[in-house]
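Asks: Below is the structure I would like to discuss, written out as C-alpha cells.
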C-alpha cells in the first residue's frame, strides 16, 4: 500500500516549516503513524531543507522515535530505580517470556510492542506497567496474565 | 473585573472578588487526580462523584475539585473533605455514595475509610494529623491539594500572582535579583548552583535577546516531584518564570517537558493559554510594558537532555549532545544567546520567596542550603509518595517518621539519593542531615530528589550494575571516557553479578571511575561512577562475597541463586504451578510440588505466589 504523505505535510505546515521544530514535527508524525516511515523522513528533509542524514540522526537519537512499525498495543514496563528495587526487571523478563519477544520488539501478529522504559513517574506505585495510556500499579508476575488478556485480539 | 487585566491593581481587585465569592463553610470534596492516583482508579471515582452529585441535585450545595497530586500516593485514591479536612484513603467508586450521604451532608466520619497508622494502629481523621503530612513542611507543594490545576481563578484566589503583582508594582529588576540571592535559593535540579547568581550573570550578559528555560525533563528514575508540580500547580511555575523574565530582561521562555508526561503537558499548555488570556503572558503584561511569551517543548526521551547544554541543543532541533562547560550558558546558551535554565521546583520557589521575604525563607534549612526540598520517597518504605521537608532533616526522620518505616520484618540496608549520578547511603549514616553539601560529602548528591529505600533483599552490586547499564544506554556517545568507560564498567559488574568476577575487579572499577571523573565532557560522565564508588565504599563486603565466594548475600543476583520447594512446607495448593511461566513446577494437588532447576528462569513468580513460604532461594 503506498504511504499517504498528506498527514505528514499537514504536520509540517502546522509547524510553519520551521527547522527548529524538527523534533516537534517528528513527534507528531510518530503519534499519528506510530512510527517514522522512511518516506515521511524524506518528506521532512525536503520540506524543511535539512539534510536527510540530520533528520535520521535525530530520529535515531531520541527514544520517542521508532523506525519500525509498532504493535497495536504498547506495553511499557518501568525499569526505573524505584520499580527496579521492587522487581521491575522481573516483570519485564516475565513479559518477554509471555509475549515471546525481547524488550523493544513487536509480536509477529503486530498486536503488542514491549518496551522497558526508564521511569514513568509513578514511582510510589512500583512496579508499574502501562498498556497504551492506562497505568497499572503494584504489578506482580501473577497479575500480568489477566491484564494482557484484556488486550488480546480474540477479546476485542 | 474581567480579563484581560491591564494593571496590577486590576489583578488585585479580581483576586479580592474571587476570595469574597468563596464560601469557606461550603463543603468541598477534593480528590487527588494526579497520574499516580489515576493509575489506581481516581478518574473513575471522580466520574462517580460527578454522576452522584448530578443525580442527587447537589451541585448548588457542594463543590467537587479534582486536584493535582497530594503526595500520599501509596494510599490513593485520596479524598479530602473541606472545611474539616477529613481524609479518606484507598477510595473506590462504591464508597462515593456513602461519603456524600454520611460525611458531606451529615458530618459523620466513616471509620473504615480513615487512614490507620501502621505503628500505633490508631485511626486518624484529619489530613494534617497523619504522620506522613504532619512532619512535612509543605511550602511549595502544599497548595497542590487546594486548587484545580486547570483553573487560573483557583490559583489567583489562594494568592497566586501576588508576587508578580508586588514585583511589577514596587521592585526593580535588581531588587528582585538581590532578593533571590539573599534567599540562598540553590538550583533544585541537582547541582545546587545559587539561583540568584545565575540570574545576575545572565542579566549582565550581552546578547540580542535572552531566554529562560524551565527544565521539566525529569529523567532521574525514581523522582517525580517535577511532574507533580507541573501537573498540580502549573501557574506557580509560570509566575516564577515571569518574575525571572522581569529580573533578567528576557522576552521568551521555554518549558521543556518530558513527552512521557501527557497530563503535565496538557495542564501546562492550558495554564499558558489562560495566563495569556488574563494578560499575564504576552505583550505589555498587566499594562507595565513587560513582554514575555512562553512555549512548551516536548522532550524526545533522552536522559542526557536534562543536562543544560544538551537540552538547549535539543530545543534548537538538534540531537541532545552536551558541549564543554567552559562556555557558560548564561552568556552563550540557546541560539548562542544569554540563557537562564532552572528546574521546575526552583521556579516554583521564586514567587514564595518574593512574597514572604528572605528573612522568612532563610529561617528554613541549613547554613548552606535554604528552604525546603521535595523528595520522592519510594522503594521499600511503607508510605511511599512525595514529601516536602526542610533542608537539614535527617534521612532517619524521612524514612521512619514520615515514611512509616520498612514493610514486613525486613531490615533497611541503604537509601539511594541523587539518581544515576548519586550514591547509596548505608543504614549507619541515616542520621545524616540532608542538604546539598552533606550528601556530597557522603559520596552521593541531592540530585533532583529521588530517595529510594532499599532493604536486605536488594543487592548493592546489582544496584551499581543497574545504574551503569542505565547510563550506558543514556550516554550520548560524544566523549570517549563516558562512552567506553561505562561499557567497561558494565561488563565488569555484569561478570561479578553472574559469579564470574575476578580478584582486582574492585581496583579496576576504582581506576576507571577516576579517569571518567577527570576527563568526561559533561556531568553525566563525570558523576556516572558515583553509584559504583559509593557501593564499593560502603558495601565492599558484598562485592567480595560475589567475587570470592560466588555468593549474593541479598539472594538477588540470578546467576548466584537457585530456587527450590521445601516439601515440608508445601501444601500442594498449586499456586506456584499456575504462576510459573515456563512449566518448571510439577506435582499433584495436595502433594508437595517439585521445581525443575534446569527449566527455571528464576523469575520469582512462584516465590511471590506461595503463601506458605515453601519456595526457598539459596
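Chains as they are written, first to last, in the numbering used here: chain A, 313 to 468; chain B, 354 to 971.
Backbone N, C-alpha and C define an ideal beta-carbon position, used for all residues, glycine too.
As the structure is a computational prediction, the values presented were derived from the model and not from experiment.
At a Cβ threshold of 7 Å, is residue 468 of chain A touching chain B?
Replies: Translated into positions along the first chain, residue 468 of chain A becomes position 156. In this predicted model, residue 468 of chain A has a pLDDT of only 45, less than 50, meaning its place in the structure is not dependable enough to derive any value.
Asks: Compute the Euclidean distance between the alpha carbons of residue 632 of chain B and residue 677 of chain B, then round it to the nearest angstrom.
Replies: By 1-based counting over the second chain, the position of residue 632 of chain B is 279. By 1-based counting over the second chain, the position of residue 677 of chain B is 324. About 39 Å.
Asks: With residue 368 of chain A as the anchor, note down where its alpha helix (DSSP H) starts and where it stops.
Replies: On the first chain, residue 368 of chain A is found 56 positions in, with the first residue counted as 1. Element bounds for residue 368 of chain A: 364-373.
Asks: Leaving out the 5 sequence neighbours to the left and right, which residues in its chain are closer than 8 Å to residue 730 of chain B when beta-carbon positions are compared?
Replies: On the second chain, residue 730 of chain B is found 377 positions in, with the first residue counted as 1. Around residue 730 of chain B: 736, 737, 738, 739, 740, 751, 752, 755, 756, 804, 806.
Asks: Residue 891 of chain B to residue 793 of chain B, Cα distance in whole Å?
Replies: Mapped onto the second chain, residue 891 of chain B falls at position 538. Mapped onto the second chain, residue 793 of chain B falls at position 440. One C-alpha to the other measures close to 15 Å.
Asks: Between residue 967 of chain B and chain A, is any beta-carbon pair separated by less than 7 Å?
Replies: Translated into positions along the second chain, residue 967 of chain B becomes position 614. Interface flag for residue 967 of chain B against chain A is unset, since no Cβ pair is found closer than 7 Å.
Asks: Given that residue 811 of chain B touches chain A, what residues does it touch there, using C-beta distances under 7 Å?
Replies: Position 458 of the second chain, counted from the start, is the residue given in the question as residue 811 of chain B. Listed along the chain, the chain A residues whose CB falls inside 7 Å of the CB of residue 811 of chain B are 397.
Asks: From the DSSP output, which residues share a beta bridge with residue 947 of chain B?
Replies: The residue labelled residue 947 of chain B in the question sits at position 594 within the second chain. DSSP, once it has assigned bridges, lists B:939 as partnering residue 947 of chain B.
Asks: Grouping DSSP H, G and I as helix and E and B as strand, with all else coil, what is residue 468 of chain A?
Replies: The residue you call residue 468 of chain A lines up with position 156 of the first chain. Unreliable positioning characterises residue 468 of chain A in this predicted model, as indicated by a pLDDT of 45, which lies under 50. The coordinate reading is nonetheless provided below. Secondary structure at residue 468 of chain A: coil, using DSSP grouped into helix, strand and coil.
Asks: If we cut at 7 Å on Cβ distances, does residue 731 of chain B have a partner in chain A?
Replies: Within the second chain, numbered from 1, the residue matching residue 731 of chain B stands at position 378. By the rule that beta-carbons nearer than 7 Å mark a contact, residue 731 of chain B touches chain A.
Asks: If you draw a straight line from the C-alpha of residue 387 of chain A to the C-alpha of residue 419 of chain A, how long is it?
Replies: As a first step, residue 387 of chain A must be located in the first chain, where it is residue number 75. As a first step, residue 419 of chain A must be located in the first chain, where it is residue number 107. Computed Cα separation, rounded: 11 Å.
Asks: State yes or no: is the beta carbon of residue 362 of chain B nearer than 7 Å to at least one beta carbon in chain A?
Replies: In the second chain, residue 362 of chain B corresponds to position 9, counting from 1. No, residue 362 of chain B does not count as interfacial toward chain A.
Asks: With burial defined as no fewer than 16 other Cβ atoms inside 10 Å of the residue's Cβ, what is the status of residue 516 of chain B: buried or exposed?
Replies: Looking up residue 516 of chain B in the second chain gives position 163. With a 10 Å radius around the Cβ and a threshold of 16 neighbouring Cβ atoms, residue 516 of chain B comes out buried.
Asks: Using a Cβ-Cβ cut-off of 7 Å, state whether residue 958 of chain B counts as contacting chain A.
Replies: Counting from one through the second chain, the residue named residue 958 of chain B turns up at place 605. Taking Cβ atoms only, chain A reaches closer than 7 Å to residue 958 of chain B, which makes this a yes.
Asks: Where does residue 588 of chain B fall in DSSP's three states?
Replies: Residue numbering aside, residue 588 of chain B sits at position 235 when the second chain is read from its first letter. Reduced to three states, the DSSP call for residue 588 of chain B is helix.
Asks: Quick one: grab the DSSP three-state call for residue 807 of chain B.
Replies: Position 454 of the second chain, counted from the start, is the residue given in the question as residue 807 of chain B. Secondary structure at residue 807 of chain B: strand, using DSSP grouped into helix, strand and coil.
Asks: Of all the residues that make up the region 352-370 of chain A, which are near chain B by a beta-carbon distance shorter than 7 Å?
Replies: 369, 370
Asks: For residue 481 of chain B, does the three-state DSSP call read helix, strand or coil?
Replies: Position 128 of the second chain, counting from 1, holds the residue named residue 481 of chain B. Of the three classes helix, strand and coil, the one that applies to residue 481 of chain B here is helix, per DSSP.
Asks: Which residues, in order along the region 606-623 of chain B, keep a beta-carbon less than 9 Å from a beta-carbon of chain A?
Replies: 611, 612, 613, 614, 615, 617
Asks: Less than 7 Å between CB atoms is the rule here; does residue 385 of chain A satisfy it with respect to chain B?
Replies: Counting from one through the first chain, the residue named residue 385 of chain A turns up at place 73. No, residue 385 of chain A does not count as interfacial toward chain B.
Asks: Please state if the CB of residue 563 of chain B and the CB of residue 603 of chain B are separated by a distance shorter than 7 Å.
Replies: Looking up residue 603 of chain B in the second chain gives position 250. Looking up residue 563 of chain B in the second chain gives position 210. Yes, these two residues count as a Cβ contact at 7 Å.
Asks: Residues of chain B with CB under 7 Å from residue 374 of chain A, in chain order?
Replies: Your numbering for residue 374 of chain A matches position 62 in the first chain. Near residue 374 of chain A (Cβ distances below 7 Å), the residues of chain B are 653, 654, 655.
Asks: Tell me whether residue 691 of chain B, by its Cβ, gets closer than 6 Å to a heavy atom of the ligand FAD.
Replies: In the structure on display, the ligand FAD does not appear, and there are no ligands present to speak of.
Asks: Which partner residues of residue 643 of chain B appear in the DSSP bridge assignment?
Replies: Translated into positions along the second chain, residue 643 of chain B becomes position 290. Paired residue(s): B:638.
Asks: Alpha carbon to alpha carbon, how far is residue 920 of chain B from residue 927 of chain B? Give it in angstroms, no decimals.
Replies: To locate residue 927 of chain B, count along the second chain from 1; it is residue 574. To locate residue 920 of chain B, count along the second chain from 1; it is residue 567. Roughly 13 Å separates the two Cα atoms.
Asks: Can you list, in chain order, the residues of its chain with a C-beta nearer than 8 Å to that of residue 362 of chain A? Leave out the 5 residues immediately preceding and following it.
Replies: Translated into positions along the first chain, residue 362 of chain A becomes position 50. If we look at residue 362 of chain A and ignore the five residues flanking it on each side, its Cβ neighbours are 331, 334, 356.
Asks: In this structure, what does DSSP give as the bridge partners for residue 385 of chain A?
Replies: Counting from one through the first chain, the residue named residue 385 of chain A turns up at place 73. DSSP output for residue 385 of chain A lists A:424 as bridge partner(s).
Asks: Where are the alpha helix (DSSP H) runs, 4 residues long or more, that stay fully inside the region 834-904 of chain B, in chain order?
Replies: 858-872, 876-880, 883-901
Asks: Can you name the residues of chain A whose CB is closer than 7 Å to the CB of residue 823 of chain B?
Replies: Here the question's residue 823 of chain B lines up with position 470 in the second chain. Residues of chain A passing the Cβ test: 430.
Asks: Ignoring anything shorter than 4 residues, give me the alpha helix (DSSP H) runs that lie fully in the region 430-504 of chain B, in order along the chain.
Replies: 484-487
Asks: Per the contact definition of three or more C-beta pairs closer than 8 Å, is the region 378-398 of chain A in contact with the region 804-824 of chain B?
Replies: Judged by Cβ distances under 8 Å, the region 804-824 of chain B makes contact with the region 378-398 of chain A, as three or more pairs qualify.
Asks: Give the residues of chain B in contact with residue 335 of chain A, contact being defined as C-beta atoms less than 7 Å apart.
Replies: Position 23 of the first chain, counted from the start, is the residue given in the question as residue 335 of chain A. Per Cβ cutoff of 7 Å: 653, 667, 670.
Asks: Can you give me the Cβ contacts of residue 371 of chain B inside the same chain, cut-off strictly under 8 Å, excluding the 5 residues immediately before and after it?
Replies: Counting from one through the second chain, the residue named residue 371 of chain B turns up at place 18. Cβ neighbours of residue 371 of chain B beyond the five flanking positions: 506, 509, 510.
Asks: Any Cβ of chain B within less than 7 Å of the Cβ of residue 342 of chain A?
Replies: Within the first chain, the letter at position 30 stands for residue 342 of chain A. Taking a beta-carbon distance threshold of 7 Å, residue 342 of chain A does not count as an interface residue toward chain B.
Asks: Please classify residue 343 of chain A as buried or exposed, where buried requires at least 16 neighbouring CB atoms within 10 angstroms.
Replies: Counting from 1 along the first chain, the entry for residue 343 of chain A is found at position 31. Around the beta carbon of residue 343 of chain A, fewer than 16 other beta carbons sit within 10 angstroms, so the residue counts as exposed.
Asks: If we call anything under 7 Å between Cβ atoms a contact, is residue 957 of chain B one with residue 935 of chain B?
Replies: Indexing the second chain from 1 puts residue 957 of chain B at position 604. Indexing the second chain from 1 puts residue 935 of chain B at position 582. Cβ atoms of residue 957 of chain B and residue 935 of chain B: not closer than 7 Å.
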